[in-house]
Amino acid sequence: MAGIDGGPRGRIVLFPLPFQGHLSPMLQLADVLHARGLAITIVHTTFNAPDPASHPEFTFVAVPDGMQDAVGAPKDGIGKILSMNAAMEASGCVRDALASILAAEPRPACLVIDTSLPAVQKAASQLGLPTIVLHTGSAAVVRLFRSYAMLHDKGYLPAQEHELNKPVKELPPIRVSDLFDPSKYPNQEMANKILDIATETTTNSSGIVINTFEALEIPELEALREELASSGVNVFAIGPLHKLSTIGDASSLLEQDRSCIEWLDTQAEGTVLYVSFGSVVPVHRDDFNEVAWGLANSGKPFLWVVRHGLIIGSQDTELPDGFEKAVESRGKVVRWAPQQEVLAHHAVGGFWTHNGWNSTLESICEGVPMLCRPLFGDQLANGRYVEDVWQIGTLLAGKLERGKIEQAIAGLMEREDGTTMRERAKELKMKVAMCLKNTGSTQLAADKLVDHMLSL
173 MAGIDGGPRG RIVLFPLPFQ GHLSPMLQLA DVLHARGLAI TIVHTTFNAP
223 DPASHPEFTF VAVPDGMQDA VGAPKDGIGK ILSMNAAMEA SGCVRDALAS
273 ILAAEPRPAC LVIDTSLPAV QKAASQLGLP TIVLHTGSAA VVRLFRSYAM
323 LHDKGYLPAQ EHELNKPVKE LPPIRVSDLF DPSKYPNQEM ANKILDIATE
373 TTTNSSGIVI NTFEALEIPE LEALREELAS SGVNVFAIGP LHKLSTIGDA
423 SSLLEQDRSC IEWLDTQAEG TVLYVSFGSV VPVHRDDFNE VAWGLANSGK
473 PFLWVVRHGL IIGSQDTELP DGFEKAVESR GKVVRWAPQQ EVLAHHAVGG
523 FWTHNGWNST LESICEGVPM LCRPLFGDQL ANGRYVEDVW QIGTLLAGKL
573 ERGKIEQAIA GLMEREDGTT MRERAKELKM KVAMCLKNTG STQLAADKLV
623 DHMLSL
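Numbering-wise, the sequence shown is residues 173 to 628 according to my numbering.
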C-alpha cells in the first residue's frame, strides 16, 4: 500500500527494548506497518541488537556503545531496564540519534517505543516527535499496572500471607496472590519505579498498541479505553502480532535447535507436552530436578527447553543423574526451540509454560491448553486469566514436587478436564482466525493505527 507517487505513505521510527519478549513484538509491529506502506527505521542499542540482514526492508540505526556496561552490571531484569534508561539519558546518545533522523527526509510521523523506555520518550518530546507506546503484555495487565495506587489505598498491598487467596474485587478475576508486590522485591524502590514508568510513558503518549485481540479481552479493552480517554490516549488492539506479521520467529536472539521438529514428526498426534519457561526468568536447582523427574515419571512424551542460565546461580544445566536413561527416546531436551512452529505441530497436545504473554498468546493461537507455572510480574495475572477466564489451562501452584507434577501432566494430557480445556482452546483459536481476516478487528485496528500515526 504505497503513497500516491508510489513511494512510502510516511516514515515511522521504532525503538525496541532489547530483550527477547519485547524485541520480537516490536519488529513484528514494524513489519505490519511496513506492509501498510510505511517506511521503517529501527533505532536500537548495540546490546542484544537485532540482525539487519534478517530485515532488509528496514533501516537500522544503532545508538553508540556504552549500553553493554549499563545493562551488564545489574543481575535482574528491572535493574537492567532502569540502568539502561539512566545511561541513555546521561549520554544523550538517543537524542542525538533521533535528531539526525529528524534532519533527514522524509521526516518521521512518530516514534514507537516500548513502555519501559521513558528516556527515549523524553528525548523525543524534547525534539517535538510524538510517541506511541507498545505494551507487549495483555490489556488486563495494562489495567493492573495502572491500578497500583488503588491496590495500596484499598489495602491489597503490601500483600499479607493470610489474604493471598483474597479476590481483588475491582479487577476480577485477579487475587492478591496474582499481584506483583514491590514490597517483596529486593529493591522496593526499583520495583515501584518500573510500574510508574509503564504508566507514565502510556499517559504521555498519543496512543498505546497492545498485542492482543478484541474477542479475547472485551471488558478489559472497554475499561482501558474509558480510563485513557481523558488523557487523549488511543487504544489499539493489534494482535496476535506474530500472526499478523511475516516475521514470526525470525527475530529470535537465541539459536534455535530445529532437530526438535524432526523429533516431533515421529510422535503421535496430540501426545507431546512442550515445556519452556521463557528466555529470562531462572529456576532453583531443586525445582529443576523436580521438573525433570516429574516429566520422567509422567510416562508422557515431552519436549523440554533447557536454556543456558536456566538454573539460578549456575551456568551448568546438567540433567539429573539417571534422567536420560529413564526417559530414553520418550523425551527430547534442547537449548532453545522455534516455539511458534512447535506449538503449531500436530504432535503437541499441551504446553507447560511460565505464562509470559508472548508464550501465552502463541499457545492460544494454536489451540494448545496450558499447564501454568507463572513466576514473576505479569505472568501471575496471565496464569489466572488462563485458568479462570478463558479456562484453557490449569495453575500448578505451591512447591514443585515430582508427584504433583505427574498428576498435573496427567490431568492436562489425558483426563476429562484436559479434554474440556482443549475444546475451549480450539474455540479461541477460531476467534484468532476471525480477527485476522481482512475485515477482522485486528486488521481494522492496524489500519486505524496507520491513519492515526500519519495524522500526528
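Even for Gly, the Cβ is constructed at its ideal location relative to N, Cα and C.
Is residue i helix, strand or coil by DSSP?
| i | result |
| --- | --- |
| S448 | strand |
| D286 | strand |
| W435 | helix |
| K571 | coil |
| F474 | strand |
| K508 | Residue identity check: residue 508 is Trp in the sequence provided, not Lys. If DSSP states are grouped into helix, strand and coil, W508 belongs with coil. |
| N406 | strand |
| L306 | strand |
| P391 | helix |
| G565 | strand |
| G379 | strand |
| G549 | coil |
| I483 | strand |
| G503 | strand |
Hey, would you say residue i sits closer than 7 Å to residue j, going by beta carbons?
| i | j | result |
| --- | --- | --- |
| M260 | A296 | no |
| Q512 | P473 | no |
| T213 | V185 | yes |
| I564 | R596 | yes |
| N211 | I410 | Checking the sequence, you will find Ala at residue 211 rather than Asn. No, these two residues do not count as a Cβ contact at 7 Å. |
| H194 | T308 | yes |
| I203 | I382 | This sequence places Asp at residue 203; Ile is not what is there. Result no, Cβ atoms of D203 and I382 do not sit closer than 7 Å. |
| L552 | H526 | no |
| G522 | L584 | yes |
| R318 | E392 | no |
| P412 | V561 | no |
| W524 | V452 | no |
| E441 | R574 | no |
| E385 | C607 | The sequence shown places Phe at residue 385, not Glu. Contact: yes. |
| E578 | G466 | yes |
| P188 | M198 | yes |
| K601 | G539 | yes |
| L475 | C544 | no |
| T705 | S355 | The chain is shown only over 173 to 628; residue 705 falls outside these bounds and no answer can be derived. |
| C282 | L621 | no |
| G612 | G528 | no |
If I'm right that residue i touches residue j with Cβ under 8 Å, what's the distance once you round it to whole angstroms?
| i | j | result |
| --- | --- | --- |
| L400 | L306 | 15 Å between Cβ atoms; not a contact. |
| G379 | I304 | 5 Å |
| V506 | D429 | 4 Å |
| A464 | L491 | 6 Å |
| A331 | V348 | 5 Å |
| R208 | P280 | In fact, because the Cβ distance is near 15 Å, the residues do not count as touching under 8 Å. |
| N337 | L289 | The Cβ separation is near 36 Å, so there is no contact. |
| I366 | I250 | 5 Å |
| R267 | Q293 | Contact flag wrong, Cβ pair sits at about 11 Å. |
Using the rule of at least 16 other Cβ atoms within 10 Å of the residue's Cβ for burial, across every protein chain shown, is residue i buried or exposed?
| i | result |
| --- | --- |
| E599 | exposed |
| S310 | buried |
| K252 | buried |
| L416 | buried |
| A269 | buried |
| H414 | buried |
| A275 | exposed |
| S535 | buried |
| K504 | buried |
| P635 | Nothing in the structure corresponds to residue 635, since the chain is present only between 173 and 628. |
| G570 | exposed |
| S531 | buried |
| I273 | buried |
| E335 | exposed |
Quick check on the DSSP output: the alpha helix (DSSP H) that includes residue i runs from which residue to which?
| i | result |
| --- | --- |
| R457 | R457 to S470 |
| A234 | Careful: A234 lies outside any alpha helix (DSSP H), inside the beta strand (DSSP E) at T231 to A234. |
| V499 | F495 to V499 |
| H194 | Q192 to A207 |
| H227 | Looking at the DSSP string, H227 is not in any alpha helix (DSSP H), and its letter there is neither H nor E. |
| G411 | Per DSSP, G411 belongs to no alpha helix (DSSP H) and is neither H nor E. |
| L543 | Element bounds for L543: not the alpha helix (DSSP H) but the beta strand (DSSP E), M542 to C544. |
| K601 | E588 to C607 |
| L533 | W529 to C537 |
| D623 | S613 to S627 |
| D488 | Careful: D488 lies outside any alpha helix (DSSP H) and carries neither H nor E. |
Locate the beta strand (DSSP E) running through residue i, then write down its first and last residues.
| i | result |
| --- | --- |
| I184 | G182 to F187 |
| I273 | I273 -> not in any beta strand (DSSP E); alpha helix (DSSP H) instead, spanning C265 to A275. |
| F523 | V520 to T525 |
| L351 | That residue, L351, is in no beta strand (DSSP E); it is neither H nor E in DSSP. |
| L210 | L210 to H216 |
Checking contacts by CB at 7 Å: is residue i closer than that to chain D?
| i | result |
| --- | --- |
| G503 | Included in the structure is just one protein chain, with no chain D present. |
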